[in-house]
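Report on one structure; see the data block that follows.
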């Protein structure tokens with residue numbers, strides 16, 4: 001596939017690195033900071049967005065949401081009819097793109113998360129009515145190169161996925177921070193507390209991923225009656241952990257909806 005990136009920040013670089021594992025892809029990238037040439041990874045680089053558009057079959061729009069109106073206005077007339085557009089910009093809907101153009105263009109909206117950098121992204125995707133079966137397969141190839149991906153039928157679900165997987169890594173990091181702080185308060189050195197926290201999360205994730213049991217059943221296996229784990233779980237329950245998580249994710253969901261409204265004005 002011939003794939004171009006408009007904008008080459010962290011997310012675009014993560015996607016490119018995933019694609020580079022397959023040598024069959026030809027990659028181009030543009031950003032104001034890039035010079036004309038080929039970088040150390042074999043990616044053709046340029047500072048002019050229009051320069052790469054005729055060369056690619058897939059154009060990945062990876063600019064910041066606030067930049068999208070200006071950037072898309074500059075390039076939309078140069079995009080050929082056969083080209084697939086993939087946007088990874090938060091808060092920019094398919095309907096927004098439809099209002100900017102007066103011709104049928106195949107457009108996919110995708111929301112990978114920061115774990116793309118290590119090939120562990122979780123990416124929801126939605127396509128407009130002009131995306132062909134072949135183009136959908138191309139999209140799956142791209143996002144499967146950086147982790148897990150799934151198609152959704154209702155674009156409103158994007159905000160739900162944003163609250164779950166988009167912001168989710170930060171929730172995990174926050175809980176890890178809290179565990180490390182608690183461990184140091186209980187007498188451990190911070191470096192060993194971090195190592196054991198990371199190993200605990202990695203081990204729990206492996207158990208959950210490789211086991212067919214429900215998460216609740218796995219938790220109960222660790223929780224002996226009247227034991228140490230039961231004492232900790234009781235505190236979480238009394239403090240309303242479920243309600244706290246719901247409130248936090250709902251706040252992320254509502255903010256995602258607000259940002260979409262702002263970006264549409």
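Residue numbers (full-length UniProt numbering): 1 to 265. Positions of the beta carbon are idealized from the N, C-alpha and C atoms, including for glycine.
- Here residue 34 really is in contact with residue 45; their C-beta atoms are around 4 Å apart, less than 8 Å.
- Excluding sequence positions up to five before and after residue 12, its CB lies within less than 6 Å of the CB of 5, 62, all in the same chain and listed in chain order.
- Taking 8 Å as the cut-off, the Cβ atoms of residue 252 and residue 163 count as close.
- A check of alpha carbon separations from residue 112 across 132, 150, 106 identifies 150 as the nearest.
- If only uninterrupted alpha helix (DSSP H) runs of at least 4 residues are considered, those enclosed by the stretch 40–98 are 49–52, 68–75.
- With contacts defined by Cβ atoms closer than 8 Å, residue 203 and residue 119 do not form a contacting pair.
- If you check the CB distance, residue 74 and residue 106 do not come in under 8 Å.
- Taking a cut-off of 8 Å on C-beta distances, the stretch 50–70 touches the stretch 79–95, as three or more cross pairs fall below it.
- Residue pairing from DSSP leaves residue 146 without any beta-bridge partner.
- DSSP, reduced to helix, strand and coil, places residue 26 within a strand of the structure shown.
- Secondary structure at residue 112: coil, using DSSP grouped into helix, strand and coil.
- Non-local C-beta neighbours of residue 197 in its own chain, meaning closer than 8 Å and more than five positions away in sequence, comprise 176, 179, 180, 183, ordered along the chain.
- Under DSSP, residue 151 forms a beta bridge with 125.
- According to the DSSP assignment, residue 4 belongs to no alpha helix (DSSP H) but to the beta strand (DSSP E) extending over 2–6.
- Distances from the alpha-carbon of residue 32 to those of 41, 47, 208 put 47 closest.
- Under DSSP, residue 106 shares a beta bridge with 84.
- Within the stretch 149–197, the complete alpha helix (DSSP H) segments at least 4 residues long are 157–161, 168–185, listed from N- to C-terminus.
- Nearest to residue 30 by alpha-carbon distance, out of 8, 148, 37, is 8.
- The closest CA to that of residue 165, considering only 256, 27, 66, is found on 256.
- By the Cβ-count criterion, residue 25 is buried, with 16 or more other Cβ atoms from all chains shown falling within 10 Å of its own Cβ.
- In this structure, DSSP gives residue 18 a helical state, which the three-state scheme calls helix.
- With fewer than 16 other Cβ atoms inside 10 Å of its own Cβ, residue 156 counts as exposed.
- Of the other Cβ atoms in all chains shown, fewer than 16 fall within 10 Å of the Cβ of residue 191; this residue is therefore exposed.
- Residue 43 counts as buried, since at least 16 other C-beta atoms from the protein chains shown sit within 10 angstroms of its C-beta.
- Straight across, the Cα-Cα distance linking residue 41 with residue 20 is about 8 Å.
- Taking the Cα positions, residue 232 is about 30 Å away from residue 160.
- Bridge pairing for residue 38: 44 [DSSP].
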